[in-house]
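Peer 1:
Chains as they are written, first to last, in this note's numbering: chain Y, 640 to 951; chain H, 401 to 680.
(1) Check whether chain H comes within 8 Å of residue 660 (chain Y), counting only Cβ atoms and requiring the distance to be less than that.
(2) To the nearest angstrom, how far is it from the Cα of residue 852 (chain Y) to the Cα of residue 907 (chain Y)?
(3) Can you give, in chain order, each stretch of the alpha helix (DSSP H) that sits fully within the stretch 883-951 of chain Y and has at least 4 residues?
(4) Against chain H, does residue 777 (chain Y) count as a neighbour if the rule is that its beta carbon must be under 8 Å from one of theirs?
(5) Mind listing, in chain order, the continuous beta strand (DSSP E) runs of no fewer than 3 residues lying wholly within the stretch 504-568 of chain H?
(6) Thinking just about the alpha-carbon of each residue, which of Y:842, Y:878, Y:762, Y:665 is nearest to the one in residue 905 (chain Y)?
(7) Nearest to residue 615 (chain H) by CA position, among H:512, H:437, H:428, is which residue?
(8) State yes or no: is the beta carbon of residue 530 (chain H) nearer than 8 Å to at least one beta carbon in chain Y?
(9) Report all residues from its chain with a CB closer than 7 Å to the CB of residue 791 (chain Y); omit the five preceding and five following residues, and keep chain order.
(10) On the premise that residue 885 (chain Y) lies in contact with residue 923 (chain Y), defined as a C-beta separation below 8 Å, what is that separation, rounded to the nearest angstrom?
(11) Under 8 Å: do the stretch 683-694 of chain Y and the stretch 764-784 of chain Y share three or more Cβ pairs, one atom per stretch?
(12) For residue 811 (chain Y) and residue 782 (chain Y), I'd like the C-alpha separation in whole angstroms.
(13) If contact is defined by three or more beta carbon pairs under 8 Å, each pair taking one atom from either stretch, is the stretch 414-432 of chain H in contact with the stretch 653-673 of chain H?
(14) DSSP state of residue 826 (chain Y), grouped into three classes?
(15) Tell me, please, whether the CB atom of residue 674 (chain H) is closer than 8 Å to any CB atom in chain Y?
(16) Quick check on residue 761 (chain Y): buried or exposed, where buried means 16 or more other Cβ atoms within 10 Å of its Cβ?
(17) Got a sec, what are the start and stop residues for the alpha helix (DSSP H) residue 468 (chain H) sits in?
(18) Use the C-beta contact count for residue 687 (chain H): other C-beta atoms within 10 angstroms, 16 or more gives buried, fewer gives exposed.
(19) My assumption, with CB atoms under 8 Å, is that residue 737 (chain Y) sits in contact with residue 517 (chain H). Please give the rounded CB distance.
(20) Could you give the C-beta distance for residue 804 (chain Y) and residue 749 (chain Y), rounded to a whole number, given that I count them as a contact under 8 Å?
(21) Roughly how far, in whole angstroms, is the beta-carbon of residue 424 (chain H) from the beta-carbon of residue 495 (chain H), given that I think they are within contact range, below 8 Å?
(22) Cα-Cα, which of H:415, H:519, H:417, H:420 is closest to residue 504 (chain H)?
(23) Could you check which residue in Y:759, Y:715, Y:708, Y:647 has the C-alpha nearest to that of residue 657 (chain Y)?
(24) Tell me the DSSP bridge mates of residue 637 (chain H)?
(25) Can you tell me whether DSSP reads residue 836 (chain Y) as helix, strand or coil?
(26) Taking a cut of 9 Å between CB atoms, which residues from the stretch 515-528 of chain H lie near chain Y?
(27) State yes or no: is the beta carbon of residue 619 (chain H) nearer than 8 Å to at least one beta carbon in chain Y?
(28) For residue 675 (chain Y), report the span of its alpha helix (DSSP H) as first-last.
(29) Hey, could you find the ends of the alpha helix (DSSP H) residue 436 (chain H) is sitting in?
(30) Given that residue 729 (chain Y) touches chain H, what residues does it touch there, using C-beta distances under 7 Å?
(31) With a cut-off of 8 Å on the beta carbons, I'd call residue 702 (chain Y) and residue 730 (chain Y) a contact; round off their distance for me.
(32) Residue 626 (chain H): which of H:533, H:442, H:458 sits nearest, CA to CA?
(33) State yes or no: is the C-beta of residue 643 (chain H) within less than 8 Å of the C-beta of residue 582 (chain H)?
(34) For chain H, check one thing: does any of its Cβ atoms lie closer than 8 Å to the Cβ of residue 703 (chain Y)?
(35) Taking the straight line between their C-alpha atoms, what separation do you get for residue 471 (chain H) and residue 873 (chain Y)?
(36) What does residue 889 (chain Y) touch in chain H if you count any residue whose Cβ is under 7 Å from its own?
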């Protein structure tokens, strides 16, 4: 990571949504008075006819978006993960998921990335909550370029999608032209001794851990599991079959997140061993982002030791 | 064709609709008769006079939309849809049965003519506002008719949606507030006093029409006015209604919110409704 460039994935959303809006007049932004923070400023300025701001009223935003979607629009409701996944979740279930409408939730401030804001604004529950609802697709991009590609893929996807972005800048790990397919993991590194399956802001840590392990003679596969649902079960099964030992890493509660989803695949196969690295079922606090990760063992060192602890 | 129905014909159509409501709920032995009867005049006036729809083309983009935000009273809407020819009348007999398009609460994916799935109270109005905004964005002239309950107005999302309707100048949105003053657990005044329901909508920037919501003449007059005033303000018809209207033993009885009649009660209800037809 010597030449590391850092960008927040919310900026990837903000940049891509403008391009999408230019290309398709049915693409709308529905803001709830945190648009500046969620990077819809350029969209608002350039495409005012496709822009709504319904005030600090998330539940209503979800309903308005559903109504728009019934009329052929593709609304992106833009808010923070904590509010998009919890304040409006029943409206999303009833009015977007149940009727399978084209409502997209674009949520910044995922995981502990709104670090200094404290526990009220951090969100460690969302991927589990949204994954539980039928018809919902759940995505967390790993960097700026991934965010742009996956926002574009979400706009083209038939049905509701939950997208989760980082507030804070995270390393850029992909090249600009990288391809993404919803529901298909990106294999970032091949390996046979163990696999690290990560998503979002922890993918860069997984890559660094894999390099460290490689230096120690351990061959580690790394998957960017950007789509938590539908999970790429084939890619997980391949890790179970080829490597046997899996460490999952996520900026989300270890309950009901990526780690849990991977465990389900392994358990149903009756094979493999999985260790989950993630938020330890505890609320955060106002603190530096890296400190919050460290408090939960989401560090390169702990990922390395977790892999080694699984044995050879 | 809707414009040709006289008030008397609309009244009789409403009696037909109410009989279907009672029949459906009796056959299902499940459903919500009280609110279905209090909202019946609004539903009848919408589907048989005001609304521009094509039953043979339920998803016609230019259609007027109808949102039953108080989704539990969908038997009234199902009856109207069948009577307008969206699906065969026999389908009404399948209310709440396995595999039926007529779910316990409206499902837009299963039932032709349902513009949005509802059932969880407080949510339909926001969806209707979204539809009204979409019409404005697309330069289309369709209107959106939304029925909300007085109890449903306990939900904060209703008022969030009202704010949005005002901001986006949704004069193509016509809300009917079914003010029957009964909720599930008791009267509105006992459970959560509405205080001044019409005044609340007025305060949110709506043009408000206060009427007897079970009087077809007043309903038609209010609807005609509401759809004709293009002043940038959303409309709300606050209708004082009687829960269970038209069936004596159900009227103003909180117990008939979600109870199906037995055979004796069914026969009495149908007999009473039969006396309510007027000369045309």
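All C-beta atoms in this analysis are idealised placements derived from N, C-alpha and C, irrespective of residue type, glycine included.
Peer 2: From the atom records:
(1) no
(2) 28 Å
(3) 897-908, 928-934, 939-948
(4) no
(5) 544-549
(6) Y:878
(7) H:437
(8) yes
(9) 655, 659
(10) Not a contact, Cβ separation roughly 26 Å.
(11) no
(12) 5 Å
(13) yes
(14) strand
(15) no
(16) buried
(17) Careful: residue 468 (chain H) lies outside any alpha helix (DSSP H), inside the beta strand (DSSP E) at 465-468.
(18) Absent from the structure is residue 687 (chain H), since the part of chain H shown begins at 401 and ends at 680.
(19) 6 Å
(20) 6 Å
(21) 4 Å
(22) H:519
(23) Y:715
(24) H:576, H:609
(25) strand
(26) 515, 516, 517, 518, 519, 520, 522, 523, 524, 525, 526, 527, 528
(27) no
(28) 674-677
(29) 433-438
(30) 520
(31) 5 Å
(32) H:442
(33) yes
(34) yes
(35) 41 Å
(36) Under the 7 Å cutoff, chain H gives no residues; its nearest Cβ is about 31 Å from residue 889 (chain Y).
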